[in-house]
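In structure tokens, the structure reads:
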């Protein structure tokens, strides 16, 4: 990775720094944002959220825009990610769900009929608020030159919830389908892949400057099952999406055992969790993908000094690669101290040339 | 690994096959047993368990012996593991707990006073039933020459529950202690390590022919945190236990990112989950440790033929190493079809010479 002198680079805007890093171009220092940076750990988020359900928040353009923007000034985040849920496009496919607080599917998908009945409506019509939020955010961010990220849930993770019915320790129902009725799961993943491509396309069209695909449950499978069931969905998505210059980021939770397959997905950026070694990933794949991550969100409860040490260590580990975006290894937790998050972004800014 | 001709080897007893495999000596084929083989997936287990709480079952020598032995004839398992819970020795340390169904700690450990107050009584006096079960099982198994395994929970996993209070997705309280009051966690791990050494010693003394250390939550930490917090507890235990010829097995759930550190623990056998690559582990460490694992328990719901394929593949992958014990990557789940478990053990037997 090339970290030039700040002066040499001119004054990089957060947008330039982020997009150049995703493409492996020279920057003055790593950009920084945090997964789930707009969340319950912020009192200001809780104030906006008060008296409104999570689903209502997602559909309320004004509130969603407000909380999306909060992390810039409150914690010093240098990229904004659309406030939304990975399940946003699912009800329009014909699947009723609620949050309690995780997603709960009213009628888990277990039959060929249920899966064949799934629709893939145009997201511009079925969830127009998503694109209105994106357009409003782009307008609000234009002056400050802060990049806007869109995101989508990956097919396997969506399927996991849709088959299981909710979060689960073992996802036994999902794996039962995988082993006993593989053709059903294949059909479901295929439909969700098609939906996801259209959903990401529409986000980029509306103004998302990069998009992160979240595969929260992909780490449930062995390397060979991941190769059979998950890797093809990523490749199809990254192959088919009309990038229009927007880099695509792949996040796999608990995916230390499949980093090599993530590197072959066609994503521009790999977002790793803390189990994966940034140093090993940078050495093996850093010539062709930018890395993002990977501090354990729980580590933000440590002292400012320790957080600075970890950030410096991550940057050193990732330095062999073409680019590095400082981030957490998973979403910021509700109990996270705000000063820990601030220490994290301050530490990244202190890395400047 | 050396798999000799069955005739050449004479008739290996299950005990010989298991112990020779642990030591990396020539055998006719891999031995087989399953984690949590005495469990709710067996109707015969549920019959014995009926009307008795889990804790009562653990303390009832007759019932515990009965269910420990069931898997031999019911599913063809070739090793018996003591029926007990990793929390068995904990109440005598002064920590009240219950099962609901996972362990729930009445007063989670959060202060120096609580941790300093923990006792380390002689397990022969505090949990004599464990050793009575072991002695009874050895008597019952002697004629059939089936090996008996003891087991213990690893300090980090016990500490995780004791600090958090119960199972958890993120173990935020545990990690908070790790980051904010590291000296408390260090003290707790030190006490639990001392307790575990004595508990394993007493099991071997009573007749356990091998002992497996279960570190269910060790996979929560990054490689560098594992190195600081977990690896030393394993090394101390494997260094201090009086083996008396009994091989020691280390199981780390979700530990694909720390297999190299597991290999340096001093364990004779590494038990891997399905995320780890048996082939890579055999190539890298198979000259000095025997491998055990690592089929996803959920895969036992597949067809007999597929289960046979996977077992053959695992044996091929592990074949570069000094020894291989066929097993699952995690405990057998309550909904597992009994015929799937039988297919698994049959498949291993079909590997002969």
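Protein chains in written order, with my numbering: chain A, 1 to 353; chain B, 354 to 706. The C-beta atom is built at its ideal place from N, Cα and C for all residues, glycine as well.
Query, Result
"Rounded straight-line distance, which links the Cα of residue 690/B to that of residue 520/B", "26 Å"
"Top-ranked residue by Cα proximity to residue 569/B, from 437/B, 535/B, 652/B and 684/B", "684/B"
"Within-8 Å CB hit, residue 234/A to chain B", "no"
"Inter-stretch contact at 8 Å, needing at least 3 Cβ pairs: the segment 126-138 of chain A / the segment 199-212 of chain A", "yes"
"Close beta carbons around residue 636/B, own chain, < 6 Å, minus the five adjacent residues each side", "673"
"Counted within 10 angstroms of its Cβ, other Cβ atoms place residue 577/B as buried (16 or more) or exposed", "exposed"
"Near-chain A residues of the segment 619-634 of chain B (beta-carbon distance less than 7 Å), N- to C-terminal order", "627, 628, 629 and 630"
"For residue 146/A, the first and last residue of its enclosing beta strand (DSSP E)", "Looking at the DSSP string, residue 146/A is not in any beta strand (DSSP E), and its letter there is neither H nor E."
"Bridge partners - residue 293/A, DSSP secondary structure assignment", "326/A"
"Simplified DSSP state of residue 91/A, which is helix, strand or coil", "helix"
"In chain order, each alpha helix (DSSP H) run of at least 4 residues that lies wholly inside the segment 60-119 of chain A", "61-75 and 112-116"
"Contained alpha helix (DSSP H) runs [length at least 4] in the segment 582-627 of chain B, N- to C-terminal order", "584-593 and 612-616"
"Cβ-based burial, residue 381/B [other Cβ within 10 Å; buried from 16]", "buried"
"Rounded Cβ spacing between residue 32/A and residue 345/A (contact assumed at less than 8 Å)", "5 Å"
"Neighbourhood of residue 517/B by C-beta distance below 7 Å, restricted to the same chain and skipping five residues each side", "461, 524, 526 and 527"
"Beta carbon of residue 285/A nearer than 8 Å to that of residue 347/A", "no"
"Contact under 8 Å by Cβ, residue 301/A with residue 529/B", "yes"
"Cβ-based neighbour list, residue 263/A, same chain, cut-off 6 Å, excluding 5 preceding and 5 following", "285 and 289"
"Of the residues 25/A, 136/A and 154/A, the one placed nearest residue 88/A, counting alpha carbons only", "154/A"
"Three CB pairs or more closer than 8 Å across the segment 488-497 of chain B and the segment 463-472 of chain B", "no"
"Secondary structure of residue 37/A, DSSP reduced to three states", "coil"
"8 Å CB neighbourhood of residue 14/A in its chain, flanking five on each side removed", "31, 78, 79, 144, 145, 146 and 147"
"DSSP state of residue 282/A mapped onto helix, strand, coil", "helix"
"8 Å Cβ cutoff, residue 649/B in contact with chain A", "yes"
"Stretch-stretch touch, CB-based, cutoff 8 Å, three pairs: the segment 415-430 of chain B with the segment 442-451 of chain B", "no"
"Burial state of residue 459/B, where buried means 16 or more other Cβ atoms lie within 10 Å", "exposed"
"Segment contact flag, the segment 561-575 of chain B with the segment 591-605 of chain B, C-beta cutoff 8 Å, min 3 pairs", "yes"
"Short-range partners of chain A found in the segment 559-577 of chain B, where Cβ spacing is below 9 Å", "572, 573, 574, 575, 576 and 577"
"Contact list for residue 327/A against chain B, beta-carbon separation under 7 Å", "Per Cβ cutoff of 7 Å: no residues; residue 327/A is ~14 Å from chain B at best."
"Alpha carbon of residue 104/A to alpha carbon of residue 695/B, nearest angstrom", "35 Å"
"Where the alpha helix (DSSP H) through residue 668/B begins and ends", "657-671"
"Nearest neighbour of residue 574/B, chosen from 475/B, 522/B, 561/B and 669/B [CA to CA]", "522/B"
"Assigned exposure category for residue 371/B - 16 Cβ within 10 Å defines buried", "buried"
"Contact under 8 Å by Cβ, residue 150/A with residue 82/A", "yes"
"Neighbour list for residue 637/B in chain A, Cβ cutoff strictly below 8 Å", "Ordered by position in chain A, no residue passes the 8 Å Cβ test against residue 637/B, which lies about 13 Å from the chain."
"is_contact[residue 180/A, chain B] using C-beta, thresh 8 Å", "yes"
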